[in-house]
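Enquirer:
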DNA sequence: TCTGATATGGCAATCTATTGATGGAAAACC
DNA sequence: GGTTTTCCATCAATAGATTGCCATATCAGA
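Chains as they are written, first to last, in our numbering: chain A, 229 to 397; chain B, 229 to 397.
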């Protein structure tokens with residue numbers, strides 16, 4: 229290295245790469261840890277209802293105003309939750325077995341199956357509300373609303389980015 | 229409601245609660261989606277080595293300068309990855325079966341088992357490096373280094389918060 | 001009508017993750 | 001020495017998640 233200026237110019241991007249790698253490493257470890265803790269603590273929060281975080285997610289999707297009456301197709305649920313069909317089928321099976329959800333072959337396209345909350349499912353979803361609210365409050369107690377929005381936006385972009393990588397199927 | 233000012237004062241915090249609940253809902257859904265996509269795309273990225281994201285995480289922990297020689301105890305690995313002992317045991321078993329990791333009962337406290345990379349494990353970890361770098365680069369291509377740090381810090385706090393909820397064991 | 005694409009279900013294999021219970025070995029404490 | 005605690009392993013059960021493959025019903029277009 230005879231030219232110190234050239235060395236600096238060459239080193240600057242390398243340092244940035246090293247820094248980015250280090251940050252990425254930590255970032256994905258935190259994502260891994262947070263996700264595991266989410267399932268652990270979240271499932272505990274609704275364990276009194278015999279539910280899990282995944283079932284909670286499915287029921288939450290089906291309970292939304294636009295989905296309450298007609299339900300959602302399996303394909304729509306897959307797009308919403310971003311899980312595999314085989315996985316979702318098993319979750320739905322358990323919810324059906326518990327009487328919280330029903331499969332309907334409604335109208336138009338005969339290939340589609342609509343998944344909808346049952347009466348019992350809607351009742352239980354309502355009963356789970358306070359537990360879910362309390363969980364959110366405890367989990368985000370140290371975050372301002374603005375910070376929550378910030379984290380949401382960053383995770384939203386990360387999800388899109390990862391989804392783009394996954395897309396080829 | 230006879231006093232419009234009182235109505236406003238009463239409504240403001242309720243609106244904030246509703247907003248926070250909505251943001252929390254979206255936030256945790258993104259966390260759930262991102263985590264699933266992380267495992268899906270990450271495992272694909274190192275599938276040529278027959279590895280998974282979890283095995284990658286364990287090997288990464290063991291490959292760090294401070295751990296390379298003496299390894300880490302199971303307890304230390306549990307604290308680092310924040311998973312259950314029973315789960316970690318199974319992951320380590322698979323790594324041992326693949327010859328990438330070894331269990332040692334070294335020195336001092338006879339109860340402790342040190343988990344360490346084997347020669348083959350260190351070799352493979354080195355070989356996985358470029359694939360991991362490429363994965364990080366693709367996953368975070370649209371994030372500035374500053375944004376990566378921001379996301380890391382928020383996830384770090386979220387992890388701590390969730391861990392505090394989980395702590396009672 | 002034939003053909004292909006789509007939506008779902010079923011089955012199998014593998015891995016991850018939790019909880020719960022049991023047990024052994026070693027350390028620490030009284 | 002005896003009791004308690006800690007660290008680790010193991011077995012079992014349940015749930016979540018992926019991949020891959022096959023089957024069926026339906027739709028859409030040539």
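Every residue gets a Cβ at the ideal spot worked out from N, C-alpha and C, and that includes glycine.
(1) With DSSP collapsed to three states, give me the class of residue 331 of chain A.
(2) Looking at chain A, is there any beta carbon in it that lies within less than 8 Å of the beta carbon of residue 277 of chain B?
(3) Just list the beta strand (DSSP E) runs in the stretch 278 to 333 of chain A, keeping only unbroken ones of 3 residues or longer that don't cross its boundaries, in chain order.
(4) Could one say the Cβ of residue 251 of chain A lies closer than 8 Å to chain B's Cβ atoms, at least one of them?
(5) Using DSSP's beta-bridge definition, name the partner residues of residue 343 of chain B.
(6) My understanding is that residue 341 of chain B touches residue 333 of chain B, with C-beta atoms under 8 Å, so please give their C-beta distance in whole angstroms.
(7) Quick check on this structure: which residue in B:262, B:309, B:260 has the alpha carbon closest to the alpha carbon of residue 282 of chain B?
(8) Name the residue from A:325, A:256, A:255, A:354 whose alpha carbon lies nearest to the alpha carbon of residue 290 of chain A.
(9) Comparing the C-beta of residue 361 of chain B with each C-beta of chain A, is any distance below 8 Å?
(10) Would you mind reading off the limits of the alpha helix (DSSP H) that contains residue 394 of chain B?
(11) Below 8 Å CB to CB, which residues in the same chain sit around residue 357 of chain A once its five sequence neighbours on both sides are set aside?
(12) Is there contact between the stretch 292 to 304 of chain A and the stretch 383 to 390 of chain A, where contact requires at least three CB pairs shorter than 8 Å?
(13) Quick test of the definition: if touching needs 3 or more C-beta pairs under 8 Å, does the stretch 247 to 254 of chain B touch the stretch 262 to 279 of chain A?
Expert: The structure says:
(1) When secondary structure is reduced to three states using DSSP, residue 331 of chain A falls in the strand class.
(2) no
(3) 329 to 332
(4) Yes, contact with chain B.
(5) B:300, B:331
(6) Contact flag correct, Cβ pair sits at about 6 Å.
(7) Residue nearest to residue 282 of chain B within the set B:262, B:309, B:260 is B:309 (criterion: CA-CA distance).
(8) A:354
(9) yes
(10) Residue range 373 to 394 is occupied by the alpha helix (DSSP H) that includes residue 394 of chain B.
(11) Taken in chain order, the list of residues that qualify is empty.
(12) no
(13) no
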